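Chemist: Sharing a structure with you now.
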């Protein structure tokens with residue numbers, strides 16, 4: 009999962025958003041609902057030609073690749089959470105084509121205990137609805153990301169890139185490529 | 009959503025399960041992850057021939073039809089939650105064929121505010137992964153259900169039965185029938 | 009299925025396309041592969057707000073509503089067939105967003121014998137991969153269609169419109185609306 | 009695609025089945041509709057624990073692994089074709105759980121020209137609806153298969169086994185494992 013900030017830091021936190029203490033507590037008690045988006049560029053026939061991966065530097069100073077990912081808020085629709093997180097990570101003019109159907113291509117279950125599923129998040133039990141989202145506009149990395157790299161499906165599934173992804177997101181990316189018929 | 013008990017009442021509550029106070033509080037702050045199962049009987053070719061609906065009497069004394077539905081617990085996989093709720097509602101020898109894929113046929117978003125989505129749950133914002141689950145064994149209504157009725161897809165989608173379903177579950181049932189190619 | 013022309017009439021028929029005699033013969037011997045597209049308008053969150061239906065007059069002079077539908081050619085990819093039929097029916101600047109994944113929301117099996125499935129095509133056994141396709145551009149009815157009407161999901165699923173659709177396409181439209189969470 | 013016989017050899021060929029000459033001719037003119045089944049063993053929670061692969065010796069004497077695969081006949085439903093081919097390849101008591109929904113997890117487009125898609129069939133343009141099918145009963149290789157091997161998803165996706173699969177079926181198997189959450 010991304011380590012990006014998920015709520016504003018100021019006192020102007022909207023109603024329904026949890027305080028840092030509250031979300032920390034909830035994370036020990038309930039599965040937390042997430043969305044994962046795999047941003048892609050497609051050609052006129054809808055065929056995926058490129059996948060977008062965020063590049064971040066972790067607190068330990070390690071380079072890490074990530075998908076767009078984040079929590080669904082109280083009283084927020086899944087499709088609105090998808091749109092919000094994509095705009096948060098790729099900027100306001102990415103023009104994401106949010107899927108018409110709420111059916112995700114898979115559900116990624118990030119467990120705090122490694123090995124229960126192929127996904128792992130030490131902070132929490134997160135259950136993430138995963139979608140492939142074509143973006144038509146101009147994308148720029150936001151906040152803590154230092155780059156947004158566009159790669160072919162083959163490049164994104166290569167071992168070197170997979171090693172730079174954490175918590176099972178490399179697998180989730182390959183599942184997405186399988187879903188769109190572009191798994192190498 | 010079902011009003012059935014979701015956690016044991018005694019002091020022997022397993023670790024990771026919330027107290028009634030805690031779940032009540034969480035329900036005002038976070039989307040709560042659910043599963044909905046549409047139990048079906050299929051023929052040898054997998055074609056749905058019957059749908060199982062639970063009959064309950066609400067606290068107000070009104071007859072109500074319901075799908076199998078319930079919360080996903082902390083540190084519980086979605087497929088284990090599906091199995092647990094089906095056994096809780098249909099008994100221990102229902103022999104449910106839990107889907108091999110975690111991809112739900114839809115995601116039902118029950119909002120505490122009516123009208124945001126077609127699904128409504130006054131108690132909470134619940135996001136439910138919905139699956140069609142063939143059952144091969146003997147099914148008996150458990151706990152607070154007074155009957156389990158098997159109907160054809162046509163009967164289950166008829167107006168009279170739809171009126172007896174609450175919170176958008178009638179719609180969810182019809183979506184399931186659309187998914188299996190049996191929407192009348 | 010649409011009654012629209014599926015191949016050019018002149019002598020310049022591309023290699024791999026069948027002559028009218030050949031396709032007539034094949035239709036009595038093999039299931040013929042089709043695509044069905046449900047053209048939709050979506051809002052920024054991807055929610056379907058309108059469905060596009062073609063209006064045609066049948067040879068018997070009856071008004072009829074139809075989805076975009078047509079045959080997949082020899083050596084043509086499914087996604088290219090989708091694009092070709094949408095441009096054929098909605099014009100060259102419809103800007104259809106062909107799905108990244110080849111997974112259809114359903115498979116409609118049109119049988120020459122009524123009653124085997126809910127879909128019927130007296131000419132042939134056609135098996136159609138069905139997709140919901142958002143269109144971003146300007147759509148104009150082409151060829152034999154006299155209008156392209158945009159309706160809300162509620163309007164498109166209303167009994168009067170359903171009566172004007174043939175061969176089970178009304179059902180297919182409602183299945184599509186179930187898939188995108190907009191079945192009334 | 010499998011090289012197994014797809015129609016009876018005797019004069020008693022059922023109505024609607026093509027003669028060898030006719031199918032040979034049709035294969036040069038039309039996409040031919042197929043089904044691919046990935047037979048799996050699942051645990052009580054529906055989690056895939058094993059995948060079944062057929063072992064055949066090709067006409068050139070090379071060992072080859074294959075999925076269950078075959079043509080959909082004229083006037084045959086997709087679900088009946090799935091059942092027929094599974095019984096043909098795994099025997100009459102395999103007890104396959106044919107999916108309730110006709111939605112395939114993907115569509116594999118086998119082109120006669122290599123490289124158009126990742127799937128290839130030198131004989132024809134075949135478009136195959138692919139399904140994961142749990143089998144509950146006793147499976148025995150039939151006809152020309154010399155073995156049916158059950159492997160874990162990890163074993164089936166290993167390079168050695170993938171090398172023994174032809175026409176892109178190794179990829180299709182890995183896509184299936186991605187779909188059920190078991191891609192290594």
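Protein chains in written order, with my numbering: chain A, 9 to 192; chain B, 9 to 192; chain C, 9 to 192; chain D, 9 to 192.
Even for Gly, the Cβ is constructed at its ideal location relative to N, Cα and C.
Given the structure is predicted, the values throughout are model-derived calculations rather than measurements.
Excluding five sequence neighbours on each side, which residues of the same chain lie with their C-beta closer than 6 Å to the C-beta of residue 183/B?
Modeler: 114
Chemist: Quick one: list the residues of chain B neighbouring residue 178/C, beta-carbon separation under 7 Å, in chain order.
Modeler: Those do not exist, as residue 178/C stays about 11 Å from chain B at its closest Cβ, beyond 7 Å.
Chemist: Can you give me the Cβ contacts of residue 50/C inside the same chain, cut-off strictly under 7 Å, excluding the 5 residues immediately before and after it?
Modeler: 56, 57 and 142
Chemist: Taking the C-alpha atoms as reference points, what is the distance between residue 18/B and residue 27/B?
Modeler: Any answer about residue 18/B is weak, because its pLDDT of 39 lies below 50 and its placement is not dependable; what the coordinates show is given next. If I take the Cα positions, the gap works out to 10 Å.
Chemist: Is the beta carbon of residue 150/A less than 7 Å from the beta carbon of residue 97/A?
Modeler: yes
Chemist: Would you say residue 92/D reaches chain B, if we count a Cβ-Cβ gap shorter than 7 Å as a contact?
Modeler: no
Chemist: Please identify, using Cβ separations under 7 Å, the residues of the stretch 107–125 of chain C that lie next to chain B, in order along the chain.
Modeler: 114
Chemist: Cβ atoms of residue 79/B and residue 139/B: under 7 Å apart, would you say?
Modeler: no
Chemist: Candidates 65/B, 144/B and 174/B: which alpha carbon is nearest residue 118/B's?
Modeler: 174/B
Chemist: Would you please verify whether the beta carbon of residue 34/A is less than 7 Å from any beta carbon of chain B?
Modeler: yes
Chemist: Report yes if the C-beta distance between residue 75/D and residue 155/D is below 7 Å; otherwise report no.
Modeler: no
Chemist: Could you check whether the Cβ of residue 38/D sits closer than 7 Å to any Cβ belonging to chain C?
Modeler: yes
Chemist: So, is the C-beta of residue 41/B closer than 7 Å to a C-beta in chain A?
Modeler: yes
Chemist: What is the rounded straight-line gap between the Cα of residue 123/C and the Cα of residue 85/D?
Modeler: 12 Å
Chemist: How would you write the range of the beta strand (DSSP E) that residue 114/B sits in, first residue to last?
Modeler: 114–119
Chemist: What are the boundary residues of the alpha helix (DSSP H) that includes residue 175/B?
Modeler: From DSSP, residue 175/B is part of no alpha helix (DSSP H); its letter is neither H nor E.
Chemist: What does residue 175/B touch in chain D if you count any residue whose Cβ is under 8 Å from its own?
Modeler: Neighbours of residue 175/B on chain D: none; closest Cβ ~24 Å, over 8 Å.
Chemist: So the beta strand (DSSP E) residue 86/B belongs to, where does it begin and stop?
Modeler: Taken as a continuous stretch (DSSP letters only), residue 86/B belongs to no beta strand (DSSP E), being part of the alpha helix (DSSP H) at 86–98.
Chemist: Is any beta-carbon of chain A found at less than 7 Å from that of residue 150/D?
Modeler: no
Chemist: What residue does the alpha helix (DSSP H) around residue 164/D start on, and which one ends it?
Modeler: 161–165
Chemist: Buried or exposed for residue 101/D, please, with buried defined as at least 16 other CB atoms from any protein chain shown within 10 angstroms of its CB.
Modeler: exposed
Chemist: Going by CA-CA distance only, name the one from 185/B, 135/B and 168/B that's closest to residue 77/B.
Modeler: 135/B
Chemist: Using a Cβ-Cβ cut-off of 8 Å (strictly less than) and excluding sequence neighbours within five positions of residue 129/B, which residues of its own chain qualify?
Modeler: 9, 118, 119, 120 and 175
Chemist: Within 7 Å of any Cβ in chain C, is that where the Cβ of residue 131/A sits?
Modeler: no
Chemist: By DSSP's criteria, residue 34/B is part of a beta bridge. Which residues make up the other side?
Modeler: Its beta-bridge partners do not exist; DSSP assigns none.
Chemist: Counting C-beta neighbours from all protein chains within 10 Å, is the total for residue 190/C 16 or more, i.e. buried, or is it exposed?
Modeler: buried
Chemist: Just to confirm, are residue 54/C and residue 87/A a CB contact at a threshold of 7 Å?
Modeler: yes
Chemist: Could you tell me the distance, in whole angstroms, from the CA atom of residue 13/B to the CA atom of residue 162/D?
Modeler: Residue confidence for residue 13/B is low, a pLDDT of 37 falling below 50, so the modelled location carries little weight; the figure read from the coordinates is stated next. Taken atom to atom, the span from the alpha-carbon of residue 13/B to that of residue 162/D is near 39 Å.
Chemist: So, does the CB of residue 82/C fall closer than 7 Å to a CB anywhere in chain D?
Modeler: Yes - at least one Cβ of chain D is within 7 Å of the one on residue 82/C.
Chemist: Is the CB of residue 183/D under 7 Å away from at least one CB in chain A?
Modeler: Yes, contact with chain A.
Chemist: Taking the beta strand (DSSP E) that residue 46/B falls in, what are its first and last residues?
Modeler: In this chain, the beta strand (DSSP E) harbouring residue 46/B covers 40–50.
Chemist: Does the CB of residue 64/B have a neighbour CB from chain D at under 7 Å?
Modeler: no
Chemist: Would you say residue 187/C lies against chain A (beta-carbon separation less than 7 Å)?
Modeler: yes
Chemist: Given that residue 191/D touches chain A, what residues does it touch there, using C-beta distances under 9 Å?
Modeler: 126, 179, 182, 183, 186 and 191
Chemist: Taking the beta carbon of residue 21/D as the centre, do at least 16 other beta carbons fall within 10 Å, making it buried, or is it exposed?
Modeler: With a pLDDT of 48 at residue 21/D, under the threshold of 50, the modelled position of that residue is not reliable, and the figure given next carries that caveat. Exposed, since its Cβ has fewer than 16 Cβ neighbours within 10 Å.
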